[in-house]
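**Q** Numbering (this note's numbering), first residue to last: 606 to 906. Here a beta-carbon is modelled for each residue, glycine too, at the ideal position from N, C-alpha and C. A quick note: this is a predicted structure, and the numbers were derived from the prediction, not measured.
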Amino acid sequence: MSTSTRPGTDTGTNTGTDSGTGTGSRPRRRPRGAERRPRFAIAVTALFFALLYLPVGVVVLFSFNSQKSLTVLDGVSLRWYTALLHDEVLLDSLGMSLRVSLVAMAGSLVLGVALALGLVRSRSRLGSFAGLIMLVPLITPEIVTGVAAMLLFKGLGITLSTTTVMLAEITFSISYVTVILRSRIAALNPEVEEAAMDLGATRGQALRLVTLPALLPSILASAVLIFALVFDDFVLAYFTTGVDPQPLSVRIYSAIRFGVQPTINAVGTLMLVGSIALIVLALAIPRLFGRKGGLDLLSGK
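#1: Taking Thr-846 as the reference, give the member of Ser-766, Thr-874, Val-649 with the closest Cα.
#2: To the nearest angstrom, report how far apart Leu-886 and Leu-830 are at their CA atoms.
#3: Using DSSP's beta-bridge definition, name the partner residues of Asn-870.
#4: State buried or exposed for Val-848, treating a residue as buried only when at least 16 other CB atoms are found within 10 Å of its CB.
#5: Inspect the CB distances between the stretch 766 to 785 and the stretch 732 to 744 and report whether three or more fall short of 8 angstroms.
#6: Give the single residue among Ile-763, Met-771, Gln-672 whose Cα lies nearest to the Cα of Ser-713.
#7: When DSSP builds the beta bridges, which residues end up paired with Val-681?
#8: Does DSSP put Gly-751 in a helix, a strand or coil?
#9: Thinking C-beta only, is Ile-790 closer than 9 angstroms to Leu-761?
#10: For Ser-706, which residues in the same chain have their Cβ closer than 6 angstroms to its Cβ, ignoring the five residues on either side in sequence?
#11: Under the three-state reduction of DSSP, which class applies to Val-546: helix, strand or coil?
#12: Can you give the beta carbon distance from Trp-685 to Pro-867, rounded, assuming they're within the 8 angstroms contact cut?
#13: Tell me which same chain residues have a C-beta within less than 7 angstroms of the C-beta of Thr-750, skipping the five on either side of it?
#14: Is Leu-720 near Ile-779, with beta carbons less than 9 angstroms apart?
#15: As a quick exercise: from Val-865, Arg-813, Leu-656, Val-664, pick the residue whose alpha carbon is nearest that of Val-878.
#16: For the alpha helix (DSSP H) containing Ala-811, list its first residue and its last residue.
#17: How many Å lie between Leu-793 and Thr-816 at the Cα?
#18: Is it the case that the Cβ atoms of Phe-844 and Ala-754 are separated by a distance below 9 angstroms?
#19: Determine the DSSP secondary structure at Leu-893, reduced to helix, strand or coil.
#20: Would you identify the three-state DSSP class for Leu-776, choosing helix, strand or coil?
#21: May I have the straight-line CA-CA distance separating Val-855 from Leu-695, to the nearest angstrom?
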């Protein structure tokens with residue numbers, strides 16, 4: 606006996622004709638606005654980077670100017686780089702900045718590694734509180750730190766000099782080293798150090814032969830970052846330096862107050878290139894040791 610169906614009724618066999626849910630239905634089109642790129646966001650981002658890096662590009666460009674002009678580019682020359690090599694005042698300031706950076710790097714590494722080990726190994730509430738305190742210098746405005754350091758040295762009767770700059774920079778840099786190394790130390794397996802002590806090593810030998818080699822990539826990366834940060838630092842150096850010699854950043858500021866010389870453009874370009882090279886090296890060191898590099902350094906991974 607044959608059965609008949611009315612037009613438009615569903616018999617259960619024509620599943621592909623169901624619009625929107627069937628397998629044979631056409632895919633829904635996305636709204637036209639969803640397929641477009643966020644042009645406004647791209648424009649704002651491009652404008653931001655242009656305003657940020659255009660002045661830096663101008664400094665680099667006019668450092669190769671053949672004439673003593675900061676507005677008109679007339680030929681390409683290394684004249685101002687040659688003049689920099691014969692400027693004893695700037696060279697003395699450059700030497701001081703290098704000494705301060707090296708001392709601050711070494712001092713902050715020694716204290717930062719010890720502090721990071723103590724914070725990770727400590728299981729008391731005091732250790733957790735100290736870990737939070739170490740984050741305060743990272744968020745405190747540097748001008749506040751500089752004024753506080755200057756008032757401290759003045760209150761103790763210490764004359765501002767190269768030594769005060771070194772002490773201030775070491776104090777300021779300890780937090781960076783501690784934050785970078787703390788997560789790395791926490792990720793280490795403590796059983797490896799315990800196994801070394803079970804084999805006859807003392808706690809000091811286990812630290813020197815097992816723990817510190819495992820931390821070496823992070824330590825080296827921290828050292829390069831601290832050197833770059835201290836070398837370019839101005840605010841803290843300005844409030845804690847003496848009369849002479851002055852760090853290079855302070856010397857440049859003093860020279861600019863009497864008019865910008867083309868030699869300053871050459872110094873700024875060299876500082877920019879050196880800082881970029883050091884930061885790239887710091888980010889690449891963990892990868893050279895077979896570990897993650899890049900921005901993971903800042904999280905201690």
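**A** If we stick to the structure as given:
#1: Ser-766
#2: 9 angstroms
#3: Asn-870 is not bridged to any residue.
#4: exposed
#5: yes
#6: Met-771
#7: Asn-670
#8: helix
#9: no
#10: Phe-832, Val-835, Phe-836
#11: In the structure displayed, the chain extends from 606 to 906; residue 546 sits before or after that span and is not available.
#12: 4 angstroms
#13: Pro-742, Phe-777, Leu-841
#14: yes
#15: Val-664
#16: 808 to 811
#17: 8 angstroms
#18: yes
#19: helix
#20: The sequence shown places Thr at residue 776, rather than the Leu named in the question. If DSSP states are grouped into helix, strand and coil, Thr-776 belongs with the helices.
#21: 11 angstroms
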